[in-house]
Amino acid sequence: MWSLLALLPLISPAAAAHRRWESIFAMPGVNATYDYVVIGGGTGGLAIASRLAENASVAVIEAGGIYEIDNGNRSVVPLYGLTQIPFIDTSPNFPPSPWMDWVLIAEAGADAADRQIHYAQGKTLGGSTSFNTMAYHRAPKGAYQRWADGVDDDSYTFDNLLPYFRKSCTLTGPNQSKRKATNTTINYDSNMCGDSGGPVKVSWNNWVDPALTWLAAAVQTLSLPISPEGFSSGKITGHSAWIPMTIDPKDATRSSAETSYGREAFRHNMMIYPRTQATKILFNANKKATGVEVSTMGVPYTISAANEVILSAGVFHSPHLLMVSGIGPAATLQAHNIPIINDLPGVGQNLWDPISIGSIYVVNVAGGATIAADPANWPSILQEYLQDAAGPYSSAAGFLAFEKIPSSLRSGLSNKTLTDLDSFPADWPELEYIAGTFPMSDGSTIASISCTIQKPISRGSIDIMSSNISHPPAISLNWLSSPTDQEVVVTAVKRLRQVWSSVPASMIKVGDEIAPGGNVQTDAEILEYVRGAANPLWHASGTCKMGKAGNVNAVVDSHARVFGVTGLRVVDTSAFPFALPAHPQGTLYAFAEKIADDIKNGD
Ligand SMILES: Cc1cc2nc3c(=O)[nH]c(=O)nc-3n(C[C@H](O)[C@H](O)[C@H](O)COP(=O)(O)OP(=O)(O)OC[C@H]3O[C@@H](n4cnc5c(N)ncnc54)[C@H](O)[C@@H]3O)c2cc1C
Ligand SMILES: *[C@@H]1O[C@H](CO)[C@@H](O)[C@H](O)[C@H]1NC(C)=O
Ligand SMILES: *[C@@H]1O[C@H](CO)[C@@H](O)[C@H](O)[C@H]1NC(C)=O
Ligand SMILES: *[C@@H]1O[C@H](CO)[C@@H](O)[C@H](O)[C@H]1NC(C)=O
Ligand SMILES: *[C@@H]1O[C@H](CO)[C@@H](O)[C@H](O)[C@H]1NC(C)=O
Ligand SMILES: *[C@@H]1O[C@H](CO)[C@@H](O)[C@H](O)[C@H]1NC(C)=O
Ligand SMILES: *[C@@H]1O[C@H](CO)[C@@H](O)[C@H](O)[C@H]1NC(C)=O
Ligand SMILES: *[C@@H]1O[C@H](CO)[C@@H](O)[C@H](O)[C@H]1NC(C)=O
Numbered sequence: 006m007w008s009l010l011a012l013l014p015l016i017s018p019a020a021a022a023h024r025r026w027e028s029i030f031a032m033p034g035v036n037a038t039y040d041y042v043v044i045g046g047g048t049g050g051l052a053i054a055s056r057l058a059e060n061a062s063v064a065v066i067e068a069g070g071i072y073e074i075d076n077g078n079r080s081v082v083p084l085y086g087l088t089q090i091p092f093i094d095t096s097p098n099f100p101p102s103p104w105m106d107w108v109l110i111a112e113a114g115a116d117a118a119d120r121q122i123h124y125a126q127g128k129t130l131g132g133s134t135s136f137n138t139m140a141y142h143r144a145p146k147g148a149y150q151r152w153a154d155g156v157d158d159d160s161y162t163f164d165n166l167l168p169y170f171r172k173s174c175t176l177t178g179p180n181q182s183k184r185k186a187t188n189t190t191i192n193y194d195s196n197m198c199g200d201s202g203g204p205v206k207v208s209w210n211n212w213v214d215p216a217l218t219w220l221a222a223a224v225q226t227l228s229l230p231i232s233p234e235g236f237s238s239g240k241i242t243g244h245s246a247w248i249p250m251t252i253d254p255k256d257a258t259r260s261s262a263e264t265s266y267g268r269e270a271f272r273h274n275m276m277i278y279p280r281t282q283a284t285k286i287l288f289n290a291n292k293k294a295t296g297v298e299v300s301t302m303g304v305p306y307t308i309s310a311a312n313e314v315i316l317s318a319g320v321f322h323s324p325h326l327l328m329v330s331g332i333g334p335a336a337t338l339q340a341h342n343i344p345i346i347n348d349l350p351g352v353g354q355n356l357w358d359p360i361s362i363g364s365i366y367v368v369n370v371a372g373g374a375t376i377a378a379d380p381a382n383w384p385s386i387l388q389e390y391l392q393d394a395a396g397p398y399s400s401a402a403g404f405l406a407f408e409k410i411p412s413s414l415r416s417g418l419s420n421k422t423l424t425d426l427d428s429f430p431a432d433w434p435e436l437e438y439i440a441g442t443f444p445m446s447d448g449s450t451i452a453s454i455s456c457t458i459q460k461p462i463s464r465g466s467i468d469i470m471s472s473n474i475s476h477p478p479a480i481s482l483n484w485l486s487s488p489t490d491q492e493v494v495v496t497a498v499k500r501l502r503q504v505w506s507s508v509p510a511s512m513i514k515v516g517d518e519i520a521p522g523g524n525v526q527t528d529a530e531i532l533e534y535v536r537g538a539a540n541p542l543w544h545a546s547g548t549c550k551m552g553k554a555g556n557v558n559a560v561v562d563s564h565a566r567v568f569g570v571t572g573l574r575v576v577d578t579s580a581f582p583f584a585l586p587a588h589p590q591g592t593l594y595a596f597a598e599k600i601a602d603d604i605k606n607g608d
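Per my numbering, the sequence shown starts with residue 6, numbered consecutively.
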């Protein structure tokens with residue numbers, strides 16, 4: 006199916022000593038039995054599979070292939086993560102890349118101009134970490150406390166998750182001599198990752214985009230100074246930070262779930278079935294999950310689980326597969342003639358999807374992507390990258406800030422909006438700023454500062470269109486259906502304009518605002534604009550919500566076990582009770598570590 010030579014980069018010398026690389030791939034088309042069967046070789050899936058494989062046999066069923074082959078170096082070189090992944094385009098004109106992405110089309114809903122949104126989701130070993138933006142940090146403590154309170158289980162407090170956070174990663178501090186940017190203050194806890202070789206490499210970019218330093222200065226004028234302890238400390242609100250990325254600093258390559266946990270397969274008893282789709286979860290008469298019906302390029306067979314099946318197919322496909330397997334709202338299952346294993350109304354509900362809006366100007370400082378787009382620079386920056394793991398190719402943005410809406414704008418919000426916002430823990434931020442720069446074809450640089458709402462009140466849902474897993478799930482994002490979200494996004498745009506009117510921004514911006522644009526001024530005009538322009542940050546969560554038995558929409562308990570059946574857990578962002586006010590990958594890795602421990606401890 007692919008050339009053997011192309012797979013050679015997957016070999017790491019230490020790993021090869023334990024197991025030869027070709028031994029990690031299973032024989033497709035043949036029934037087989039393992040202790041655990043993990044559906045989805047993505048972020049949550051590879052993390053839990055590799056831990057379980059320390060003590061048991063594990064199969065990983067992954068619908069996609071291997072991105073180092075299917076996507077060349079574009080999922081590997083950090084800068085390309087920002088500039089060379091055209092298939093994350095959300096517009097209806099996106100270039101389909103079904104060898105990397107599920108090509109899902111979601112409905113934004115009536116309050117978001119009835120737009121169709123292409124919602125990128127990884128379909129490859131490593132899942133969405135094969136083309137995410139690599140930002141690594143952790144949510145505020147109050148968010149984890151809310152998670153723990155909601156499920157009556159203190160395992161989910163920040164302090165109790167900390168050992169799992171630390172177990173999942175290896176930290177390398179910033180190399181300021183490579184960064185050459187003395188104006189980027191970095192504070193962090195050097196113990197945020199463990200000292201025993203956690204799989205995911207976390208480090209600061211080995212180069213700093215000069216334009217980004219100006220945007221960072223502009224965002225800080227919102228009274229958001231650099232955090233004294235960094236954004237993995239459990240405190241983010243009211244601060245900015247230069248955050249680390251999931252990049253291996255040794256050669257400045259993406260550290261995905263595949264290059265980290267996935268390659269643990271070289272040492273452990275884990276067998277991978279690439280290009281293999283789980284088509285149904287199988288249950289015995291006692292409603293115990295016994296295995297998975299799969300298809301490798303149309304050839305059906307069965308992979309059985311002696312112990313358990315772990316579902317890690319992601320926020321859209323995990324509820325999808327549960328429903329076609331007979332677990333979900335009874336009316337939905339009946340409508341498609343699916344025999345009911347368990348009537349579980351929450352499956353596919355509770356979709357939290359924080360949306361984002363940007364304000365864009367041309368700037369007079371060259372950004373990293375602009376430098377890399379100029380052929381005159383290619384020889385030198387390529388040499389810098391390949392020899393020193395530094396320079397523009399080694400770097401992928403990395404400046405964030407979080408705040409609560411300041412009193413000057415808060416006083417203009419309605420009582421209902423204030424009530425909604427105040428229903429969250431006190432340290433839960435309301436707005437997040439992300440700065441980025443992009444090249445224009447004429448060699449100039451455009452800069453975007455985006456704002457993502459962190460307390461979305463609107464909820465979407467996932468439905469099925471057929472009992473056949475080959476037919477994609479129906480995704481209703483339902484963006485901006487809550488008037489609270491509408492008020493907050495209007496406030497967000499006002500806040501972005503305050504950033505752009507700051508002194509540092511005035512020194513670099515050229516001409517008028519490109520978007521939203523000078524004709525978008527009144528609250529009504531801003532809201533109208535956002536309805537037509539909002540985008541996801543791809544942090545969708547909560548469609549197989551963790552909760553207490555009988556809670557509205559609860560699908561899994563605090564050990565990630567699906568209610569009403571045995572032998573089946575969900576370990577991915579669908580099992581989160583809500584979208585965290587944070588980029589989720591760090592928490593997902595810790596969550597997978599925690600559930601692997603639960604399983605080993607017999608919980
Ligand atoms: C463009 C983008 C940028 C992002 N940026 C960041 C960031 O900077 N920082 C951050 O923390 N987070 C970021 N995220 C979010 C983060 O990457 C995701 O939340 C996380 O990776 C999701 O992990 P998961 O395990 O839930 O699902 P995934 O990693 O998507 O894994 C699901 C896997 O299941 C497979 N699968 C699905 N159905 C089946 C089936 N029936 N049979 C077999 N296999 C199946 C899929 O192919 C996939 O490999 C970003 C996401 C995107 C898309
Ligand atoms: C594989 O397993 C399925 C389900 O148990 C069974 O129907 C089928 O006959 C098996 N195939 C072989 C070749 O044993
Ligand atoms: C599982 O394997 C790990 C790594 O080899 C080991 O540290 C641990 O003690 C084992 N646990 C059990 C329950 O056997
Ligand atoms: C990525 O691969 C392309 C095609 O081989 C090559 O031209 C380019 O230089 C590579 N980029 C880097 C940064 O190595
Ligand atoms: C930092 O980068 C410099 C320049 O490439 C290099 O000489 C040095 O070894 C690096 N420091 C560390 C701690 O890796
Ligand atoms: C920060 O330092 C870099 C490198 O010297 C420089 O290019 C950039 O303009 C500086 N940014 C600010 C805001 O002074
Ligand atoms: C909003 O709340 C304030 C303080 O609780 C109250 O005085 C005011 O009447 C409320 N306004 C509306 C429109 O309900
Ligand atoms: C499921 O749908 C696919 C694609 O439309 C089709 O090829 C396949 O035959 C269908 N399977 C069943 C069991 O109907």
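Each residue gets a CB set at the ideal place from its N, CA and C atoms; glycine is no exception.
- The C-alpha of A148 is placed about 20 Å away from the C-alpha of D194.
- One thing to note: L356 has its Cβ no nearer than 7 Å to the Cβ of T457.
- Not one heavy atom of ligand 4 sits closer than 6 Å to the Cβ of Y72.
- Secondary structure at V570: coil, using DSSP grouped into helix, strand and coil.
- Taking C-beta atoms under 8 Å as the contact rule, P279 and I360 fail to qualify, at a distance of about 33 Å.
- DSSP, read as helix, strand or coil, puts H564 in coil.
- The beta-carbon distance between A283 and T48, rounded to whole angstroms, is 17 Å. This is too long to meet the 8 Å contact definition.
- Shown in chain order are the residues whose CB sits closer than 7 Å to a heavy atom of ligand 4: G77, N78, V82, L387, Y390, L391 and Y398.
- By DSSP's assignment, T442 forms a beta bridge with A452.
- Assignment of I90 by DSSP, reduced to helix, strand and coil, places it in the coil class.
- In the structure shown, D106 adopts extended strand secondary structure according to DSSP, grouped into three states.
- Excluding the 5 residues flanking it on each side, A111 has same chain C-beta neighbours closer than 6 Å at I122, Y124, I480 and L482, in chain order.
- Under the three-state reduction of DSSP output, T489 falls in the helix class.
- By the CB criterion at 7 Å, V314 and V42 fall inside the cutoff.
- Contact between the segment 161-178 and the segment 577-596 is present, with at least three C-beta pairs closer than 8 Å.
- In the DSSP assignment, V156 falls within the unbroken alpha helix (DSSP H) covering K146 to V156.
- In this structure the segment 245-262 does not lie against the segment 481-500, because fewer than three pairs of beta carbons, one per stretch, are closer than 8 Å.
- Burial state of M302 is exposed, judged by a 10 Å Cβ sphere holding fewer than 16 other Cβ atoms.
- With 7 Å as the limit, the residues whose C-beta approaches a heavy atom of ligand 2 more closely than that are N36, Y306 and T307, in chain order.
- Counting only beta-carbon distances shorter than 7 Å to the non-hydrogen atoms of ligand 5, the qualifying residues in chain order are N180, S182, K183, D393 and A395.
- With the criterion CB distance below 5 Å from any heavy atom of ligand 8, the matching residues run N473 and S475 along the chain.
- Inter-segment contact for the segment 509-526 and the segment 215-223 is present: three or more beta-carbon pairs are separated by less than 8 Å.
- Excluding sequence positions up to five before and after F288, its CB lies within less than 6 Å of the CB of A294 and I346, all in the same chain and listed in chain order.
- Between I231 and L326, the alpha-carbon positions lie close to 43 Å from each other.
- A contact is defined here as three or more CB-CB pairs under 8 Å, and the segment 130-143 fails this definition with respect to the segment 546-560.
- Residues of the same chain with a CB within less than 6 Å of the CB of H273, apart from the 5 flanking positions on each side, are A58 and E59 in chain order.
- DSSP, reduced to helix, strand and coil, places T134 within a helical segment of the structure shown.
- Judged by their CB atoms, F321 and I474 are not nearer to each other than the 7 Å cut-off.
- If you draw a straight line from the Cα of A52 to the Cα of Y266, it comes to about 5 Å.
- Sorted by chain position, residues whose beta-carbon lies closer than 6 Å to a non-hydrogen atom of ligand 3 are E59, N60 and K605.
- T189 and A587 have their alpha carbons spaced roughly 21 Å apart.
- Secondary structure in the segment 169-252: the beta strand (DSSP E) runs of 3 residues or longer, each lying completely within the stretch, are 174-177, 205-208 and 244-247 in chain order.
- The segment 396-407 makes contact with the segment 236-248: 3 or more CB pairs, one atom from each, lie closer than 8 Å.
- The Cβ atoms of T95 and N420 do not sit closer than 7 Å to each other.
- A Cβ-Cβ distance of about 41 Å is found for the pair N211 and D40, leaving them out of contact under the 8 Å criterion.
- Look at T48: its beta carbon is less than 6 Å from one of the heavy atoms in ligand 1.
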